[in-house]
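Chemist: The structure under discussion is supplied below as structure tokens; questions concerning it will follow.
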Amino acid sequence: MAEFCDIDWNGYRGLVNSPHIQIESTPIKDKIVDKDIALQTIRNKITTIQLNEFTRTDDEFLMRFIRARKMNVEESYLLLCNYYDYRKKNQELFDNMTLKDTLIQQALYDGFPGVLANRDRKGRCIILFFCNHWDHCNYSLEVIYRSLLLSLDKLLDNPQNQFNGFVFVVDWTDFSLRQSTNLSPRILKSMIDGLQDCFPARFKGIHFVNQPWYVEAALAVIKPFLKNKTRDKIFVHGNNLSTLHEAVSKDILPSELGGETGSYNPMLWAEQMLRPETAPKISDKDPWKVYPDGN
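Add 1002 to a position in the sequence shown, counting from 1, and you land on the number used in the working numbering.
Shown next as structure tokens:
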């Protein structure tokens, strides 16, 4: 546990600190605009600063950031800046990050991550991790992170996921102390920085179930350094699945989580990622429906 204390867990310091990046202090209510104005405003900002980092400026890509920040132009622009700055500072993570990587393929087939076939009642996409399936002798936490980023990138092709966001359920059942020694604090820090401050997605909740004491100890070290909004979205259920079911209903969960859909099959999402032309499709009822909430 000492190695967790050696890491600076403070929040990400991105391009907002650069003299090239000017973030206005206009009241939030004055920053919320429609789609076309938001796109044009952000493109104007990119043109003004003339940074080479902004390699994609197409509508579909920029809308991920705009929707992640609820049409707030300044916050969307800051998120875009942080995204490219994070990629630049973590180039080794993104170099050769491809589905052709056999380790990433293995992680996907092991269910890292898993994606439920159905959404919850708020239209959110549910992402699963069954941690005891991690073959830590063959691939690292960094490989799992890469697999997650590639999966999120594909999921964000769907505007419903951009609007309604994601919920994570992390099952620590039978996760051994030996496995926990491979939870690299450096990679965990990178994951927190990237997903909390730099990635164009709305993360609605992170639910831990059946976590052992050593996972709780690691979380206790990290949690004080998370943003308040992030901390408030972490729910630790222990072995009380009934509280999990209050957040994610049983009718979409697998039996491993006390649900009603049978055992989870990680092959469903792995095949969707690796062989999309032949894979069974993830159910997407009413794909354009947006569910309002305050988060």
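Don't be surprised by glycine CBs; every beta carbon is placed ideally from N, CA and C.
HIS1135 lies in the beta strand (DSSP E); which residues open and close that run?
Modeler: Here residue 1135 corresponds to residue number 133 of the sequence shown, with the count starting at 1. Taken as a continuous stretch (DSSP letters only), HIS1135 belongs to no beta strand (DSSP E), as it is neither H nor E.
Chemist: I need the DSSP call for VAL1223, collapsed to helix, strand or coil.
Modeler: Looking up residue 1223 in the sequence shown gives position 221. Note: VAL1223 maps to helix in three-state DSSP.
Chemist: Please say whether ILE1189 and GLU1144 have beta carbons closer to each other than 8 angstroms?
Modeler: For the purposes of this step, residue 1144 is taken as residue 142 along the sequence shown, with counting starting at 1. For the purposes of this step, residue 1189 is taken as residue 187 along the sequence shown, with counting starting at 1. Cβ atoms of GLU1144 and ILE1189: closer than 8 angstroms.
Chemist: Please list, in chain order, all residues of the same chain as PHE1170 whose beta carbon is under 6 angstroms from its beta carbon, the five residues on each side excluded.
Modeler: Translated into the one-based positions of the sequence shown, residue 1170 becomes position 168. So the qualifying residues of the chain are ILE1129, ILE1208.
Chemist: Which residue wins for smallest C-alpha separation from HIS1138, given the options SER1178, ASP1253, ILE1254, ILE1224?
Modeler: For the purposes of this step, residue 1138 is taken as the residue at position 136 of the sequence shown. Selected option, being the one with the closest Cα: SER1178.
Chemist: Express the C-alpha separation of PHE1067 and LEU1246 in angstroms, rounding to a whole number.
Modeler: Sequence index remark: in the sequence shown, residue 1246 carries index 244 (1-based). Sequence index remark: in the sequence shown, residue 1067 carries index 65 (1-based). Their backbone Cα atoms lie some 29 angstroms apart in a straight line.
Chemist: Taking 8 angstroms as the threshold (C-beta atoms), are LEU1270 and ALA1119 in contact?
Modeler: The count along the sequence shown starts at 1 and reaches residue 1119 at position 117. The count along the sequence shown starts at 1 and reaches residue 1270 at position 268. Against a cut-off of 8 angstroms, the Cβ pair of LEU1270 and ALA1119 comes out as a contact.
Chemist: Identify which residue in LYS1191, PHE1114, PRO1115, GLN1107 has its Cα closest to the Cα of ALA1220.
Modeler: Locating residue 1220 in the sequence shown gives position 218, where the first residue counts as 1. ALA1220 has its Cα closest to that of LYS1191, out of LYS1191, PHE1114, PRO1115, GLN1107.
Chemist: Whole angstroms are fine: how far does the CA of LEU1154 sit from the CA of ILE1039?
Modeler: Working through the sequence shown from its first residue, we reach residue 1039 at position 37. Working through the sequence shown from its first residue, we reach residue 1154 at position 152. Each residue's Cα considered, the two are about 26 angstroms apart.
Chemist: May I ask you to report which of helix, strand or coil DSSP gives PHE1237?
Modeler: Stepping through the sequence shown from its first residue, residue 1237 is reached at position 235. If DSSP states are grouped into helix, strand and coil, PHE1237 belongs with the strands.
Chemist: To the nearest angstrom, how far is it from the Cα of GLN1213 to the Cα of VAL1250?
Modeler: Locating residue 1213 in the sequence shown gives position 211, counting from the first residue. Locating residue 1250 in the sequence shown gives position 248, counting from the first residue. Taking the straight line from one Cα to the other gives about 18 angstroms.
Chemist: Alpha carbons only, please: which of ARG1126, MET1073, TYR1141, ILE1146 is nearest the one belonging to PRO1115?
Modeler: Position 113 of the sequence shown, counted from the start, is the residue given in the question as residue 1115. With distances taken between Cα atoms, PRO1115 lies closest to ILE1146.
Chemist: Taking the alpha carbon of ASN1140 as the point to measure from, which residue in LEU1157, ILE1106, ASN1160, ARG1123 has its own alpha carbon closest?
Modeler: What you label residue 1140 is simply residue 138 of the sequence shown in a count that begins at 1. Ranking the options by Cα distance to ASN1140, first place goes to ILE1106.
Chemist: Measuring CB to CB, does PRO1268 end up less than 8 angstroms from GLY1113?
Modeler: Looking up residue 1268 in the sequence shown gives position 266. Looking up residue 1113 in the sequence shown gives position 111. Yes; because the gap between Cβ atoms is below 8 angstroms, this pair is in contact.
Chemist: Leaving out five residues on either side along the sequence, give the residues of the same chain with a beta carbon under 6 angstroms from the beta carbon of ARG1058.
Modeler: Counting from one through the sequence shown, the residue named residue 1058 turns up at place 56. Hits under 6 angstroms: none found.
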